[in-house]
Each structure stands twice: as C-alpha cells, then as structure tokens.
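A quick write-up on the structure given underneath.
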Amino acid sequence: MFTHFLKRLFGASGDTSDKAAAGNGGRAAGSAAASAESQAAALAAAVASNEAAAAPAAHAHATVPVPNDPITVEAALRRSLHWRAKVLMDGATREAQQSDAPALVEELTKAGEQVIRQPPEAAMRALNVARNPNSSLAQIVVLFEHDPMLVQALLRQANSVYYKRDGNPCNSVHAAVQRVGLKGVQGILMESMVQQMLCRPGGSYDALVQKVWSHMQRTAPIARAVAPAFGVDGETAYSLALLHDVGKLLTFDHISSLRHKRRREVKMPDVFFRQLLYHLHEPLGGLAVLRWDMGVDAARAIAEHHRRPAPRTPDLMTECLHVSEAIELAHTNFTKLDWDAIWKNGEITTDVVHVQDRLRRMEA
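Note that the sequence shown covers residues 1 to 364 in full-length UniProt numbering.
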C-alpha cells in the first residue's frame, strides 16, 4: 500500500502544506479559489495572533491542564471551546455572520449533554466488556457471534499484516480474538461504534462526513505502526487515531440537527466552515471521549493532537497522533512530507529516524 508513498516520503524534501495541516485535499484554482484561500489564511492568522496576545490566558485556554480529574479537564475543554469559538466568530466575514454559521457555533458551544450524542447503548456495553481485564475469552467471543459485520472486521484485522506474523490464516472468532487481544478487540468495537454514529447532514456535507471518517480509518494503522517509535502502546494509538477527528463528526451531527430544525439545507461560506472544523474539533472531540467514559488521557490526546501549542508537559501520544495524521494526509494528497517542518511545528521530541524505520517495517 505504501510502496510509492515511501519513495515520496524519503525522497527530496517537499512541502507539508497547510492543506495537510487543515485536513483538506484538493488544489485551489482560479481567482475565486485564491481569494478563499487568502480569507482562510487571514482567519487562521487571527486565531494565531489572539493566542500570542493574551500570553498565559490564551495558553491556559488552548491546552488541557495536568490534573487528571475529569471535572477539571472537562471545564478546561469547555473554556477552550468557547475561547476558540469567540476568536472564530470575531474574525468571521459579514457573509459568514449572515449565514447559518452563528447558529451552528452556538449549538456547538452549548453546555450540557445534548452537545455530545451518546453512542448506541449496545456498543457501549460491548466496549465495557472488552475494557474489563477480567472478561473471559467466552464473554469476548459472544460480542461478535451475532453480528456478521463485526465478525468480518475481526477476521480482517486478525489476518492483516500487522497480526499475521506466522503466515497462517485465522478463520474462527475464537482464534481471532486470541490473536488480536483485548486492546485489538476494543479498536474493532470502537470503529464499529463510530461507524454507527455517522450522520447524513445533507448536501455537500454528506461527502465530507465520509471523507473525514475515511481519513480517521486510514490514520489508525499508521499510528499503530509508528507507536513503538514514540514509546506508546500500539493498540491504544490505533483506537485514539480512530477517534482523533471525532469532533468533526460531532459538528456534522449538529449540522444535521440544525437542518432538521430549519427544514432546509444549512449554508455558510466554505472557507469559514473549514476553519470552524479545524479550530473547534479538538476540544469537541476531547469532550466526547470524556462523556463516553474513555478517560482523561484519551481526552487529552484527542484535544491536543494538533499540538498547537504543544502540551505543557511531555505527551508522546499526541506526538504519535500528530505525526501519523501528517503522514496519512501526505499519502492522500500525494505530497512529500517535510519532516523538519512537522517536527518543528509539532515540537516533536522523538527521533525522526525511528519513525521512518517503523514506516519501512510497515511496508515490509
């Protein structure tokens, strides 16, 4: 899969480009597109200048504090969300202000549980069983036996290059569960859960939902492959990479809700919407995984995976997610990776040579 990609990665230095950072592919063409890009750059600059202006205050809002109690972390994430939303709206054009953008931002920044939709109850029960270290093999197998789609996903994972080390195929649920282990099972269930939560917000947004989800799915195996270079658990990295942009999916969920309320398509300038997705999805994603009882560490990793600014304390998992996403976007957008820029912008502490070595092993 990555043969030609690796040649690009390890060839002459290329540009990472802002399109990789923002998670948007495609090339601008014509004066209208150039104008849109300049507006996007101006809005991004507004966020950056506001971060620099307030010094400690901005930094406090943009990062999650060290304390590990969920209440403190949730409060910090909500402050971050509100602060980012304010900067976003302060820099919005008149066209954006007169569109559905203010209503969507208001929906996303509301306090309370209605902002974060709960996953299907059955999916959460299955995840809780898989997370319990005391669960028996029989209990885990039961989770899959009555769901052909889950069985298919499990067998596909068990027979992937990552797990199929002895070359022998795995054809039973029992053997597959043993091969991938509890954390591997959690990743499969997580993917199924998010898949069930995908919505149809209508219009051009439908294609974007699938684009974001496909990006999350492609990032996960990269994160698992390079995780040893960062000294983090591969299966945990896989699961968190599957969720790293879940804040974007929640945004589409609220577009769907707004469409239902207004009984028409939701409209706003494309440039503004791209900036909204980029700047709000991290705290939204962190709040989601907290609400889904996935823990403070997971919330912090999701909420800070762009590392802008970098966490105040060393966080190798966010380094892993940040680099994995950049690799996936370069692959999708057919661009070379500027390793130096990624390491500098993300303040990455891991040796780049170790990451490149893990990528080569992934291809082997």
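By construction, the Cβ of each residue, glycine as well, lies at the ideal position given by its N, Cα and C atoms.
Please read these numbers as outputs of a predicted model, since none were measured by experiment.
* To do: Spatial neighbours of H174 within its chain, please: CB distance less than 6 angstroms, with the 5 preceding and 5 following residues excluded, ordered by chain position.
  => Position 174 of the sequence shown, counted from the first residue, corresponds to residue 174. V141, listed in sequence order.
* To do: Pick out the complete beta strand (DSSP E) segments inside the region 206-273, 3 residues or longer, and give them in chain order.
  => The beta strand (DSSP E) runs lying completely inside the region 206-273 and spanning 3 residues or more number zero.
* For I71, which three-state DSSP category applies? -> Position 71 of the sequence shown holds residue 71. DSSP places I71 in the helix class (H, G or I) of the three-state scheme.
* Sufficient close CB pairs (3 or more, under 8 angstroms) joining the region 79-90 to the region 148-167 -> Contact between the region 79-90 and the region 148-167 is absent: fewer than three C-beta pairs spanning the two stretches fall below 8 angstroms.
* Asked: Quick one: what's got a C-beta closer than 6 angstroms to A227's C-beta in the same chain, skipping five residues either side?
  -> The residue labelled residue 227 in the question sits at position 227 within the sequence shown. Taking C-beta separations shorter than 6 angstroms and ignoring five residues to either side along the sequence, the partners of A227 in its chain run G234, A237, C320, following chain order.
* Asked: Over what stretch of residues does the alpha helix (DSSP H) that includes N333 continue unbroken?
  -> What you label residue 333 is simply residue 333 of the sequence shown in a count that begins at 1. It spans 316-333 - the alpha helix (DSSP H) in which N333 sits, taken as one unbroken run.
* How far does the alpha helix (DSSP H) with L104 in it reach, from first residue to last? -> Stepping through the sequence shown from its first residue, residue 104 is reached at position 104. For L104, the uninterrupted alpha helix (DSSP H) run begins and ends at 101-109, by DSSP.
* To do: Mind checking which residues open and close the alpha helix (DSSP H) that includes R300?
  => For the purposes of this step, residue 300 is taken as residue 300 along the sequence shown, with counting starting at 1. Under the DSSP assignment, R300 falls in the alpha helix (DSSP H) whose first and last residues are 296-303.
* At least 3 beta-carbon pairs within less than 8 angstroms: the region 258-265 vs the region 210-224 -> Contact check between the region 258-265 and the region 210-224: fewer than three CB pairs, one atom from each, fall below 8 angstroms, which does not count as touching.
* To do: Measure the alpha-carbon distance for L359 versus H322 and round it to whole angstroms.
  => On the sequence shown, residue 359 is found 359 positions in, with the first residue counted as 1. On the sequence shown, residue 322 is found 322 positions in, with the first residue counted as 1. A straight line joining the alpha-carbon of L359 with that of H322 spans about 15 angstroms.
* Asked: Near E328, which residues of its chain fall below 6 angstroms by C-beta distance, leaving aside the five closest residues on each side in sequence?
  -> By one-based count along the sequence shown, residue 328 stands at place 328. Contacts found: R218, T219, I222.
* For the region 198-206 and the region 343-355, state whether three or more C-beta atom pairs, one from each stretch, are separated by less than 8 angstroms. => Taking a contact to require three or more Cβ pairs closer than 8 angstroms, the region 198-206 and the region 343-355 do not qualify as touching.
* Taking buried to mean at least 16 other C-beta atoms within 10 Å of its own C-beta, is G30 buried or exposed? -> Walking along the sequence shown from the start, residue 30 turns up at place 30. Confidence in G30 is poor, its pLDDT being 42 and thus under 50, which makes the residue's placement unreliable; the coordinate value appears in the next sentence. Its Cβ having fewer than 16 others within 10 Å, G30 is exposed.
* Among Q178, A122, S99, which one has its Cα closest to the Cα of Q196? -> Position 196 of the sequence shown holds residue 196. Here the closest residue by C-alpha is A122.
* Asked: Using a beta-carbon distance below 8 angstroms, is I255 in contact with chain D?
  -> This model lacks chain D altogether; it includes just one protein chain.
* **Under the three-state DSSP convention, the category V161 falls into** => Mapped onto the sequence shown, residue 161 falls at position 161. The three-state reading of DSSP puts V161 in coil, since its state is none of H, G, I, E or B.
* To do: Whole angstroms is fine: what's the gap from L143's alpha carbon to V177's?
  => Stepping through the sequence shown from its first residue, residue 143 is reached at position 143. Stepping through the sequence shown from its first residue, residue 177 is reached at position 177. Going by the C-alpha atoms only, they are around 10 angstroms apart.
* Do M216 and H244 have their C-beta atoms within less than 8 angstroms of each other? -> As a first step, residue 216 is located in the sequence shown; it is residue number 216 there, counting from the start. As a first step, residue 244 is located in the sequence shown; it is residue number 244 there, counting from the start. Yes, Cβ-Cβ distance for M216 and H244 is below 8 angstroms.
* Expressed to the nearest angstrom, what Euclidean distance is found between the alpha-carbon atoms of S324 and M124? -> Here residue 324 refers to the residue found at position 324 when the sequence shown is read from its first residue. Here residue 124 refers to the residue found at position 124 when the sequence shown is read from its first residue. M124 has its alpha-carbon roughly 27 angstroms from the corresponding atom of S324.
* Roughly how many angstroms lie between the CA atoms of L280 and H305, to the nearest whole one? -> Taking the sequence shown and counting its residues from 1, one reaches residue 280 at position 280. Taking the sequence shown and counting its residues from 1, one reaches residue 305 at position 305. Straight across, the Cα-Cα distance linking L280 with H305 is about 12 angstroms.
* Could you check what DSSP says for C199 in three-state terms: helix, strand or coil? => Along the sequence shown, one-based indexing puts residue 199 at 199. Here C199 sits in coil by DSSP.
* Asked: Where do the ends of the alpha helix (DSSP H) carrying N345 lie?
  -> Indexing the sequence shown from 1 puts residue 345 at position 345. It spans 339-345 - the alpha helix (DSSP H) in which N345 sits, taken as one unbroken run.
* DSSP state of N134 mapped onto helix, strand, coil -> Taking the sequence shown and counting its residues from 1, one reaches residue 134 at position 134. Note: N134 maps to coil in three-state DSSP.
* **Secondary structure of R27, DSSP reduced to three states** => Residue 27 sits at position 27 when you count from the first residue of the sequence shown. Bear in mind that a pLDDT of 38 at R27, under 50, signals an unreliable position, so the model cannot answer this.
* Could you check which residue in L284, Q275, A76, A126 has the C-alpha nearest to that of S192? => Here residue 192 is taken as the residue at index 192 of the sequence shown, counted from 1. It is A126 whose Cα lies nearest to the Cα of S192.
* Report the rounded CA-to-CA distance for K248 versus A326, giving the unit in angstroms. => Taking the sequence shown and counting its residues from 1, one reaches residue 248 at position 248. Taking the sequence shown and counting its residues from 1, one reaches residue 326 at position 326. Going by the C-alpha atoms only, they are around 17 angstroms apart.
* **N68 to R307 span [Cα, whole Å]** => In the sequence shown, the residue the question calls residue 68 occupies position 68. In the sequence shown, the residue the question calls residue 307 occupies position 307. C-alpha of N68 to C-alpha of R307: approximately 19 angstroms in a straight line.
* Going straight from the alpha carbon of P148 to that of V161, what length do you get? -> The residue labelled residue 148 in the question sits at position 148 within the sequence shown. The residue labelled residue 161 in the question sits at position 161 within the sequence shown. Distance between the alpha carbons of P148 and V161: 22 angstroms.
* Determine the direct distance from the alpha carbon of P169 to that of A75, and round the result to whole angstroms. => Here the question's residue 75 lines up with position 75 in the sequence shown. Here the question's residue 169 lines up with position 169 in the sequence shown. CA-to-CA, the gap between A75 and P169 works out to about 48 angstroms.
* Asked: Exposed or buried, what is F272 when buried is set at 16 or more other beta-carbons lying within 10 Å of its beta-carbon?
  -> Position 272 of the sequence shown, counting from 1, holds the residue named residue 272. So F272 ends up on the buried side.
* To do: Can you tell me which of the three DSSP states P309 falls into?
  => Counted from its first residue, the sequence shown places residue 309 at position 309. If DSSP states are grouped into helix, strand and coil, P309 belongs with coil.
* Asked: Since residue 366 is in the alpha helix (DSSP H), which residue starts that stretch and which ends it?
  -> In the structure as shown, the chain starts at 1 and stops at 364, and residue 366 therefore has no counterpart that could be examined.
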